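One structure below.
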Amino acid sequence: MTDYQAEARPGWLASPLGSRLNLAIGALALLFTLGVFGNVVWDAYRSNTKDKSGVKRIIAKRWNERTLVFPVEGADRAGRRALFDVVVLTKDYGWVRGSTTELEKFDRRLSPDDIQTEVLAPQLRQGLGSARGLIAVGLASQEGAVEREEQRGGLRAERIAQWVREALGGDVPMWTLNLGRYIEPCLECEDADTSWQRPFIVIAVRKADDGTHISEALADAMSDTINLPSPDRYSTFAFAKYKK
């Protein structure tokens, strides 16, 4: 028996009050241990989702077999924060090269009915319908002159906004974001079964602090990401209210 045990047994720590105190101390020790363990797990998670340069890899979830959802969070210049879901069709789907009105699956061009039933499927409509706001994203691949491709990106954003508005109605606030032309080659731009040259993208605003500058918070959220269209890999970041 240790000196500590010999002294503790006959004393007040052996009383009911002492027993309760021991239980309280044990509970606090357990909470402390769990807190330390949680921090270790979180640090390990963050280290696995960032490389040494700080570039982030966003872990996706799925709404259905063709829709990936990347949750991201960012802050505007005043520090006000917003949470977004970046909704992307898998790499099987994308814009027809050179088109601002047509999507394709592999080499099959989708009809307007295909877009409403296959692209804007029930799971996607349900997920977008619960958003506080929606952002239709237009972008273009690296072929062609920057000015022409930026114009193309703007028209694609307008087209997506139109499709989504037709599917969901006019109750949810809508913006457009034109990222312009893809300008920086990226070795992992098709990571997680996604094509980042000219994909179909809609962004749902989930939460935002009062007064948040949405475009600034979104630019921050998407910056330095390895498997999302980071703004520094595109030629512009033109954010506007959709009024149609």
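The sequence shown begins at 1 in UniProt numbering and counts up one residue at a time.
For each residue, glycine too, the CB sits at the ideal point set by N, CA and C.
Here the structure is a predicted model, which is why all the values come from computation and not from measurement.
Decide if residue i is buried, meaning its Cβ has at least 16 other Cβ atoms within 10 Å, or exposed.
i    : result
D171 : exposed
A78  : exposed
R97  : exposed
S141 : buried
D51  : Only weak support exists for where D51 lies, its pLDDT of 47 falling under 50; the coordinates are left without a value.
R181 : buried
G211 : exposed
D232 : exposed
S230 : buried
May I have the straight-line CA-CA distance separating residue i from residue j, to the nearest angstrom?
i           : j    : result
Q116        : A145 : 32 angstroms
P173        : V164 : 11 angstroms
D191        : L139 : A caution first: D191 carries a pLDDT of 45, below 50, which makes its placement in the model too unreliable to give a value.
residue 261 : R66  : Limits of the chain in this structure are 1 at one end and 244 at the other, which puts residue 261 out of reach.
residue 310 : F70  : Any property of residue 310 remains undetermined from this structure, which presents the chain solely from 1 to 244.
K105        : D92  : 5 angstroms
residue 279 : Q126 : Here the chain comprises residues numbered 1 to 244, so residue 279 is not present and cannot be evaluated.
P122        : W63  : 10 angstroms
L177        : K244 : 15 angstroms
V55         : D85  : 19 angstroms
I58         : L179 : 19 angstroms
R148        : S235 : 11 angstroms
A82         : I201 : 18 angstroms
V205        : G129 : 11 angstroms
Y242        : R132 : 15 angstroms
R75         : I203 : Contrary to the premise, residue 75 reads as Ala rather than Arg in this sequence. Each residue's Cα considered, the two are about 16 angstroms apart.
P112        : V119 : 10 angstroms
A60         : V72  : 10 angstroms
R108        : E102 : 10 angstroms
L134        : A238 : 15 angstroms
G94         : A161 : 16 angstroms
A136        : R159 : 8 angstroms
E143        : L218 : 26 angstroms
S99         : R198 : 11 angstroms
In the DSSP output, which residue or residues are listed as bridge partners for residue i?
i    : result
K61  : V69
M174 : L134
L155 : Bridge partners of L155: none, in fact.
D85  : P71, A204
R181 : A140
L103 : W95
K241 : W175
In three-state DSSP terms, what is residue i?
i    : result
A121 : coil
R109 : strand
Report whether the distance from the Cβ of residue i to the nearest heavy atom of the ligand NAP is below 7 angstroms.
i    : result
G153 : This structure simply doesn't include the ligand NAP, nor any ligand for that matter.
Margin query: Between the segment 153-167 and the segment 211-227, can you find at least three pairs of beta-carbon atoms closer than 8 angstroms?
Written below: The segment 211-227 makes no contact with the segment 153-167: fewer than 3 CB pairs, one atom from each, lie closer than 8 angstroms.
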